[in-house]
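*Asks:* If you're matching positions, the sequence shown starts at 1044 in this note's numbering and goes up one per residue. Structure incoming, see below.
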Amino acid sequence: MGRKYKRLSVDDIHVLWSRWFQGDTSVQISAVLGCDKDTVTWHVVRGGGVRPPERRRAARHLTLAEREEISRSLAQGEGVCAIARRLGRSASTISRELERHGGAVGYRAAAADAEAWRSADVRRQRSWRRRRAYAGWWSRS
């Protein structure tokens, strides 16, 4: 027997929430998305019936455009300090970025950006689990 759960894309999740607020049932939404109704229910229950906020990057984090600029500058043979000055960032920020994502030779902007989103997701999930575990400490016997 196959798995019932289907991982929904970002576009599918947008459709799910817009249909949910139009008053469609989870069965109707699942028919449109081609998934099981339990998948729709899981997303709705997880959000408490409210659409979760869009993920946004904090201003202190490097953007994809900055990462692409780092990649282009490295290809032209520029140093870390010159790149940092042009981007208005600290040289240590640029060097840490390079250390995390393959060094000056193996650095790829798109891969570094995808990995940054993934690691942020993992950190967010860990903190959620910690908060949830901590929230029930008084009920334990």
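Note that the Cβ used here is the ideal one computed from N, Cα and C, for glycine as well.
Can you tell me where the alpha helix (DSSP H) with Thr1084 in it begins and where it stops?
*Replies:* Lys1080 to Arg1089
*Asks:* Please return the same chain residues whose Cβ sits closer than 7 Å to the Cβ of Val1070, not counting the five positions on each side in sequence.
*Replies:* Lys1080
*Asks:* Near Trp1060, which residues of its chain fall below 7 Å by C-beta distance, leaving aside the five closest residues on each side in sequence?
*Replies:* Arg1094
*Asks:* Compare the Cα-Cα distances from Arg1198 to each of Val1148, Gly1145 and Glu1109 and report the closest residue.
*Replies:* This structure gives no information on residue 1198, because the portion of the chain shown stretches from 1044 to 1184.
*Asks:* List in chain order: all unbroken alpha helix (DSSP H) runs of 4+ residues lying wholly within the region 1051-1082.
*Replies:* 1053-1065 and 1069-1076
*Asks:* Out of Val1053, Gly1077, Gln1119 and Val1123, point me to the one whose CA is closest to Pro1096's CA.
*Replies:* Measuring from the Cα of Pro1096, the nearest candidate turns out to be Val1053.
*Asks:* I'd like the span of the alpha helix (DSSP H) that includes Leu1107, first residue to last.
*Replies:* Leu1107 to Ala1118
*Asks:* Would the region 1099-1118 and the region 1148-1158 be scored as touching if the rule is three or more Cβ pairs under 8 Å?
*Replies:* yes
*Asks:* Return the first residue and the last residue of the alpha helix (DSSP H) that Ser1138 is part of.
*Replies:* Ala1134 to Arg1143
*Asks:* Can you tell me where the alpha helix (DSSP H) with Ala1125 in it begins and where it stops?
*Replies:* Val1123 to Leu1130
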